[in-house]
Amino acid sequence: MFFHGINWEYVKREYPVLSPRRTVSKKKQEQRLDRIHLIQQFGIEPIHLLEADDEYSSRRCLEECYAFGDTVFAFETLTPPMWQLSRHEIGVEVLDLRTSKCIYTFRTGSKVEEWFPGIPCIRTSVPAIFREAIDSGKNRLYD
Numbered sequence: 001m002f003f004h005g006i007n008w009e010y011v012k013r014e015y016p017v018l019s020p021r022r023t024v025s026k027k028k029q030e031q032r033l034d035r036i037h038l039i040q041q042f043g044i045e046p047i048h049l050l051e052a053d054d055e056y057s058s059r060r061c062l063e064e065c066y067a068f069g070d071t072v073f074a075f076e077t078l079t080p081p082m083w084q085l086s087r088h089e090i091g092v093e094v095l096d097l098r099t100s101k102c103i104y105t106f107r108t109g110s111k112v113e114e115w116f117p118g119i120p121c122i123r124t125s126v127p128a129i130f131r132e133a134i135d136s137g138k139n140r141l142y143d
């Protein structure tokens with residue numbers, strides 16, 4: 001399985017397909033520099049997903065994705081092309097959220113079931129360490 005964490009507000013704004021090219025003008029300076037680095041390295045700015053395997057559980061992927069947003073989309077397969085960004089991280093050029101197998105969220109009041117009929121939505125709680133990272137505005141668990 002592949003997991004992508006995102007805040008619900010961005011899901012509503014970008015629905016149904018995520019593509020970094022659509023949000024270039026809204027990026028901060030640090031994000032623009034990161035974008036340039038990724039383009040130089042991979043030829044594109046990929047969307048990042050975590051890939052679960054025997055050594056990196058789905059639960060761990062889910063928990064780590066919550067550090068990036070209140071909603072996590074889980075996919076069984078991804079549409080090529082794909083890039084191996086790190087040991088457990090995959091990148092894709094675009095991501096159609098309607099192809100997800102399951103959606104996890106701890107956000108109350110989001111209308112996940114209305115936006116994604118037929119895709120199971122599992123409402124979860126967030127472990128304290130991840131809640132702390134999200135509340136502090138960090139986009140990763142460890143600096």
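full-length UniProt numbering numbers the first residue of the sequence shown as 1 and each following residue consecutively.
Even for Gly, the Cβ is constructed at its ideal location relative to N, Cα and C.
These numbers come from a predicted model, not from an experiment.
(request) Mind the definition here: the region 75–90 touches the region 51–59 only if three or more C-beta pairs lie below 8 Å; say whether that holds. (result) The region 75–90 vs the region 51–59: in contact.
(message) For a quick check, are the C-beta atoms of F75 and F2 less than 8 Å apart?
(response) Counting from one through the sequence shown, the residue named residue 75 turns up at place 75. Counting from one through the sequence shown, the residue named residue 2 turns up at place 2. Yes.
(message) Our contact map puts L97 next to P46 with C-beta atoms below 8 Å; I'd like the distance itself, whole angstroms only.
(response) Here residue 97 corresponds to residue number 97 of the sequence shown, with the count starting at 1. Here residue 46 corresponds to residue number 46 of the sequence shown, with the count starting at 1. With a Cβ gap of about 16 Å, L97 and P46 do not count as contacting.
(request) Please go through the same chain and pick out, in chain order, the residues whose beta-carbon is closer than 8 Å to the beta-carbon of I103, but skip the five residues on each side of it. (result) By one-based count along the sequence shown, residue 103 stands at place 103. Beyond the five residues adjoining it in sequence on each side, I103 comes within less than 8 Å, by CB distance, of T71, V72, F73, A74, V112, F116, I119, P120, C121 and I122 in the same chain, given in chain order.
(request) Flag this pair as yes or no: are the beta carbons of Y66 and G5 separated by less than 8 Å? (result) For the purposes of this step, residue 66 is identified with residue 66 of the sequence shown, where counting begins at 1. For the purposes of this step, residue 5 is identified with residue 5 of the sequence shown, where counting begins at 1. In this structure, G5 lies closer than 8 Å to Y66 by Cβ.
(request) Report the rounded CA-to-CA distance for E114 versus S100, giving the unit in angstroms. (result) As a first step, residue 114 is located in the sequence shown; it is residue number 114 there, counting from the start. As a first step, residue 100 is located in the sequence shown; it is residue number 100 there, counting from the start. Looking at the two C-alpha atoms, the distance is approximately 15 Å.
(message) Can you look up T105 in the DSSP assignment and give me helix, strand or coil?
(response) Numbered from its first residue, the sequence shown carries residue 105 at position 105. Strand, per DSSP.
(request) Leaving aside the five residues before and after P20 along the sequence, list all residues of the same chain whose C-beta is less than 6 Å from its C-beta, in chain order. (result) Numbered from 1 along the sequence shown, position 20 holds the residue referred to as residue 20. Taken in chain order, the residues that qualify are E45.
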